[in-house]
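Going left to right, the first sequence walks through residues 110 to 967 as my numbering numbers them.
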Amino acid sequence: MQKGLYKYILLIQRWFGGAGFSFADDPVTETLSQAIRGTGEELDREPDTGVLFGSLRGSVVGLRYYTGVVNKGEMVSLVRQPQNPYDRNAVMVANVYGSQVGHIKRELAVLLANIMDNNLARVEGVVPFGVTNQFTMSVVLSFWGREENRDAVVRQITSRSFKLQSGPTGTHTHTHTLTQLKNAFDNLFENLMDDKIGEREAVEAVCTPLLPHQKQALSWMCACENNAALPHFWEVKGELFYNTLTHSSVRERPRRVRGGILADDMGLGKTLTTIALILSNFHHGKPLCEPVISTSRKGKTAFACNTSSGKSLVSPVEAASSQSTDDPAARATLIICPLSVLSNWLDQLDQHVRADVKLNVYLYYGSERNRDTHFLSSQHMVLTTYNVLSADYSVSGGASPLHTVRWLRVVLDEGHIIRNPNTQQSKAVLKLNTQRRWILTGTPIQNNLRDLWMLVAFLRLKPFDVREWWNRVIQRPVTQGDKTGLQNLQALVKCVTLRRTKTSRVCGRPLVSLPERSVRIEEVELTQKEREEYELARTEGRTTISRYVAEGTVLRNYADVLAILVRLRQFCCHPGLLGKTTTHTAVTPAELRERLIMKLRLVLGTGSDEECAVCLDSVRLPVITHCAHVYCRPCIAEVIRSEQEQARCPLCRGQIKASELVEFPLEEEEEEESNLLENWRSSSKVEALMSSLLRLRSEDDSIRSLVVSQFTRFLTILEIPLREEGFKFVRLDGTMSQKRRAQVIQEFQSDAPGSPLIMLLSLKAGGVGINLSAASRVFLMDPAWNPAAEDQCVDRCHRLGQKRDVVITKFIVKGSVEENMVKIQRQKQDLVEKAFGTKNPSERKTSRVDEIRALMEL
DNA sequence: ACCGCCGGGTGCC
DNA sequence: ACCGCCGGGTGCC
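So, in structure tokens, the structure goes:
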């Protein structure tokens, strides 16, 4: 619900470090932002937060037994070795590349073991001087942790007569102001285009001509795959290779990341460019399929694709320029994508690859999929989904067919899907064996700098694929406002990312010229009867909520509040959305809980876009806690796993247990659908839509429309008048099978006579990526909490291939909760701007409770 | 290690 | 001398 607002607050707090400034100096204690801030450290077991307790000087011993190299100023990691046969308190010291350097001296190791094993603090090491002898060296240890553990840590240290120096060891002298930081982040993914990037034509096997920006992308991608030069941040220093970010050295020549992040806005042709890459850049920069002149029919070219390794002719020059580590047996490209875009890949292959090119493309999907690894390895392309990959992975314990094949290239489509490293999908993706790695995404960072880590880890951008170094070199310095940290981040992003937006320009010209898009809000007046019903529900809801506000228990009764708000929103659309309202009065706690869970089921079942307070994304695999808050199962499971018996609900701080989580089945009800259709009545909003559609048809019956609602039931209701008026329509919602979706999209996109004019679309159906460019009108039937969700939906038709101006109509019921939602939406959009623009912190305080009060006009 | 620590040799000034 | 001191042997955890 109001989460969007908090998303921004959290975003700001996380990007810029929550400690520095506070939003809610609000007398109401139970605001969500405070609740989350309160639990933040616990939720956040990631080590980029926490305070510095102090540091002390110690020594590393046993250097002569190990090979790890450390330079002056280099960071080292401390690894507990409880199994060490000589000392169960042993603490091993390793350099950035994981090579052992030595051990912490015994007496100090006792202390560290104690602190580390009891999770009292994180301990980080920096070597202050160069190594002067072969036996020992100094190390500065700093202790980071939660404020509540400070005393315990200090006590441990002083009781063993070590001296804790206060204050930071690495002094951050150059810090940004918040405004500077914000600008830097906004620009993080901008201006990545290197002017040096040329253009490259696709091979002939690609029959669609590439646009200039696509040729640039192809050129860049080929260069990323083929370039054997020393990666960024590395310098040759005598015998060693020296990393300028971590000040570390390695003996072995570091390998360049062969791949990167193609982060173009959606609609700029990432799929086409990737297809062009696959066909154009096989081994040694040679095309995958080469034209051969047929001798029988002169002049006609056919294409022979490389199907066995080592047979392509390679000139010595090209062979030398390519990396010697090339594995000639790795030949296939694996594409992993969300189910919703699987068919898009097949369509685009059909569309962009010449018909006389015989590509072996295998769809690794469905229960009958061929799991033979030789078969898979011999394909040119294998397409699969994240779900199939992770399902296989967990079943096989890591030795799935896809994990056995040595791939030439792995492409993660909608790669931001793996931004949470705790998911099975992400773990499965990291374990793939491949030479080249690509991430395609329109949104490289969604909420948080942390989102980037998993992408960096997938690319194996050393040494940042190890969390500790990412955190120490990038994450923490940046969140603390360190200037060099930010510069490093920018440099790092720049060396692996290409991003252009729809507004980017190539040689002064826009990348693509999209038709105009305009938004108009159509106010809907309720009939007197509807108004009476609405006011009744509103008054009732207000009474309940104002009681919660007065008691300060809004968040404790979150499910109840949500249910009331959803009900009002449903009233605005159509009374038939409400479903049965069970208003029995619960008395026992068990009954009360059951009731809350029922209400949440009601809320989620309508397709309302709820947000998980842990990952800040839309809930996936929703589960409901005992205290009636909704999270993604993997997110909350991780909280419980790491906090064990002390686990608290991130929203209300109530105790939570894994055994008490209630699964939420997404496929739901619809059992009284017939009932809905039999007792049909219209509503003001339905009438408003119908009159728009009828007018449109009479003016121009070639214009196609998307009719979008968050409530799938509303779509069902709308089918009735559409049929009555003889509109041909299709429907696309989250419950449909992949096959059916593809059919529906194809039918809608087809310009064949008699193809549908209207698509009923559930707001979240299919996620991103689908192409509905046949439509140029969008009717948003109900306001969404997340303006971005609406934008994404509109982007499905306002994209490459759109020939007409796009007109968006938002229906908003006058004098209703919807109107207030729109107001809050606007505030949200301004919030970040305002937060940085104003000097007075009291002006920017907004609380969840305030928001609910605004909604209910309390 | 140009250290600390150990343990054997040694012992007035 | 149940000490101090000397100087050789020795060395991560």
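All C-beta atoms, glycine included, are put in the ideal place defined by N, C-alpha and C.
Nothing here was measured: the structure is a model prediction, and the numbers come from that model.
Can you look up Lys-919 in the DSSP assignment and give me helix, strand or coil?
strand
Do you know how far the Cα of Val-732 is from the Cα of Glu-747?
13 Å
Counting beta carbon pairs with one atom in the segment 384-400 and one in the segment 307-314, are three or more of them shorter than 8 Å?
yes
Over the uninterrupted alpha helix (DSSP H) stretch that includes Gly-650, give me the two end residues.
637-660
How many whole angstroms separate the CB atoms of Leu-250 and Leu-320, which I take to be in contact at a CB cut-off of 8 Å?
With a Cβ gap of about 55 Å, Leu-250 and Leu-320 do not count as contacting.
What ranges does the beta strand (DSSP E) occupy inside the segment 309-374, keeping only unbroken runs of at least 3 residues that lie completely in it?
343-346, 349-352, 357-359, 368-371
Throw me the rounded Cβ distance for the Val-169 and Gly-211 pair, which I believe falls under 8 Å.
4 Å
Where Pro-619 sits in the DSSP three-state scheme:
strand
Gly-159 in three-state terms, based on DSSP:
coil
Kindly indicate which residue of Gln-599, Met-868, Arg-905, Leu-443 has the alpha-carbon position closest to the one of Arg-546.
Leu-443
Residues bridged to Trp-516 by DSSP?
Thr-543
Tell me where the beta strand (DSSP E) around Ser-208 begins and ends.
Neither: Ser-208 is in no beta strand (DSSP E) and is coded neither H nor E.
Report buried or exposed for Trp-789, applying the criterion of at least 16 other Cβ atoms within 10 angstroms of its Cβ.
exposed
Which residues in the same chain have their Cβ closer than 7 Å to the Cβ of Arg-480, if we skip the five residues on either side of it in sequence?
Pro-510
Which of the three DSSP states is assigned to Val-202 in this structure?
strand
Using C-beta distances below 6 Å, list every residue in its chain close to Thr-482, excluding the 5 sequence neighbours before and after it, in chain order.
Pro-510, Thr-513, Val-514
Residues sharing a beta bridge with Ile-414, DSSP:
According to the sequence displayed, residue 414 carries Cys and not Ile. Paired residue(s): Cys-398.
Under a three-way DSSP split, which group does Ser-164 fall into?
strand
6 Å Cβ shell around His-356 - same chain, five flanking residues per side excluded:
Asn-180, Gly-182, Glu-183
Quick one: is Asp-842 buried, meaning 16 or more other Cβ sit within 10 Å of its Cβ, or exposed?
buried
In this structure, does DSSP put Ser-791 in helix, strand or coil?
coil
I'd like the list of long-range same chain contacts for Cys-902, defined as Cβ closer than 8 Å, with 5 residues on each side in sequence excluded.
Leu-815, Val-817, Leu-870, Leu-872, Val-887, Leu-889
Look up Asp-914 in the DSSP assignment and say whether it is helix, strand or coil.
coil
Measuring straight from C-alpha to C-alpha, what distance separates Ala-672 and Leu-709?
7 Å
Residues in the same chain with beta-carbon distance under 8 Å from Asp-914, minus the five sequence neighbours each way, listed in chain order, please.
Pro-624, Glu-625, Arg-626, Ser-627, Ser-885
Would you kindly report the start and end of the unbroken alpha helix (DSSP H) that includes Val-450?
448-461
For the beta strand (DSSP E) that Glu-631 lies in, which residues bound it at each end?
626-633
Beta-carbon proximity check, Val-232 vs Leu-187, cutoff 7 Å
yes
Might you give, ordered along the chain, the residues of its own chain that have their beta carbon closer than 7 Å to the beta carbon of Met-225, omitting 5 neighbours on each side?
Arg-189, Val-232
Tell me where the beta strand (DSSP E) around Phe-888 begins and ends.
884-889
If you compare alpha carbons, which of Pro-586, Asp-196, Val-200, Leu-539 is closest to Val-185?
Val-200
Work out the CA separation of Val-219 and Arg-986 for me, nearest whole Å.
What is shown of the chain runs 110 to 967, which leaves residue 986 out entirely.
To the nearest angstrom, report how far apart Ala-737 and Lys-766 are at their CA atoms.
13 Å
Could you pull out every residue in the same chain whose Cβ sits closer than 6 Å to the Cβ of Ala-537, ignoring the five residues on either side in sequence?
Leu-498, Ser-499, Tyr-502
Considering only the beta carbon of each residue, do Cys-681 and Phe-823 sit closer than 7 Å?
no
Find the nearest neighbour of Leu-620 within the set Asp-374, Pro-447, Arg-559, Val-602, judged by alpha-carbon distance.
Asp-374
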